[in-house]
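Numbering-wise, the numbering used here comes out as the position in the sequence shown, counting from 1, plus 4. What follows is one structure encoded as C-alpha cells, with my remarks underneath.
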Amino acid sequence: MTRDINTFGIYISTDALPPVGARIQIEITLPKLLNPGPGMHLHGEGVVLRCERGTTARRGFAASAQLYPQSADAMLSQLKFSGQAQ
C-alpha cells in the first residue's frame, strides 16, 4: 500500500522491509478517478532510501521512484485534469 507518491519518490507501507540501498521494481495500480474499479497501472524502479520500523501502522520504506515515462506522464496529466495535483 502506498502512503505517498510523487514523480521523485514513493512511500510503501509494508511489514517486509528491504535493506536501505536495495533496488526495487515498482508496480502500482491506481483507482479510477471518476468511476469505481481499477485504473491506471504504473511501472518503474527505484532504490530504498530509508526504512521505518515502528508500529504496524507506521512500518514501511521510502524509495526513489523512476516511473516509466508513458505511465508517469499519463498519471500526472489525469491528476492535473481532475484538479487533484498541486
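Idealized CB from N, CA, C, for every residue including glycine.
Closest Cα partner of residue i within the set the options
{"i": "residue 49", "options": "29, 55 and 67", "result": "29"}
{"i": "residue 54", "options": "32, 37, 39 and 26", "result": "26"}
{"i": "residue 59", "options": "8, 7, 18 and 5", "result": "18"}
{"i": "residue 33", "options": "9, 52, 63 and 51", "result": "9"}
{"i": "residue 24", "options": "51, 39, 40 and 38", "result": "51"}
Per-residue burial, residue i [other beta carbons within 10 Å of its own, 16 or more giving buried]
{"i": "residue 20", "result": "exposed"}
{"i": "residue 46", "result": "buried"}
{"i": "residue 71", "result": "buried"}
Integer Cβ distance of residue i from residue j, believed to fall under 8 Å
{"i": "residue 35", "j": "residue 65", "result": "Contact flag wrong, Cβ pair sits at about 23 Å."}
{"i": "residue 12", "j": "residue 69", "result": "7 Å"}
Proximal residues to residue i (C-beta, below 7 Å), its chain only, five neighbours per side dropped
{"i": "residue 6", "result": "14, 15, 16 and 32"}
{"i": "residue 62", "result": "56"}
{"i": "residue 38", "result": "none"}
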